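Written out below as structure tokens is the structure these notes cover.
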Amino acid sequence: MDPAERSGQALEGCRLDGRDETRAANRVQADLACDFCHARVSSVRRVALDGDYERLTTPHAVQYACPECFEYKDRVRLGLAPAG
36 MDPAERSGQA
46 LEGCRLDGRD
56 ETRAANRVQA
66 DLACDFCHAR
76 VSSVRRVALD
86 GDYERLTTPH
96 AVQYACPECF
106 EYKDRVRLGL
116 APAG
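Here is the structure:
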């Protein structure tokens with residue numbers, strides 16, 4: 036399965052071999068958005084398990100954060116920064 040299929044996005048007219056595959060993966064990654072600040076970013080993160088913090092089986096809206104929002108939210112979750 037190529038990177039476009041794994042991400043659920045089809046890249047029409049793109050041959051996926053060698054450098055083309057790397058370029059296709061980069062195009063897919065660049066199309067991400069932070070669910071909190073809505074910035075277009077190349078990577079997003081989320082915490083699903085950490086000690087008593089469990090979000091794999093708990094019903095909730097799955098949200099992904101850009102690096103800046105992730106760092107802030109993680110500090111709040113750990114009690115190292117005030118919420119808000």
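So the mapping is simple: the working numbering equals the position in the sequence shown, first residue as 1, plus 35. No residue lacks a Cβ here, since even glycine has one placed at the ideal position from N, Cα and C. Keep in mind it's a predicted model, so treat the numbers as computed, not measured.
| message | Checking 8 Å against the spacing of the C-beta atoms, do residue 98 and residue 66 come in under that value? | response | Numbered from its first residue, the sequence shown carries residue 98 at position 63. Numbered from its first residue, the sequence shown carries residue 66 at position 31. The answer is no: Cβ separation not under 8 Å.
| query | When the distance is taken between beta carbons, is residue 100 closer than 8 Å to residue 80? | reply | Within the sequence shown, the letter at position 45 stands for residue 80. Within the sequence shown, the letter at position 65 stands for residue 100. In contact: residue 80 and residue 100 (Cβ atoms closer than 8 Å).
| Considering only residues of the same chain and omitting the five flanking positions on each side of residue 111, which have a CB-CB separation below 6 Å? | Counted from its first residue, the sequence shown places residue 111 at position 76. Cβ within range, chain order: 118.
| request: Label residue 72 either buried or exposed according to how many other C-beta atoms from any shown protein chain fall within 10 Å of its C-beta, with 16 as the threshold for buried. | output: For the purposes of this step, residue 72 is taken as residue 37 along the sequence shown, with counting starting at 1. By the neighbour-count rule (16 or more Cβ atoms within 10 Å), residue 72 is not buried but exposed.
| said: For residue 68, list the residues DSSP reports as bridge partners. | reply: As a position in the sequence shown, residue 68 is number 33, starting the count at 1. Paired residues: 75.
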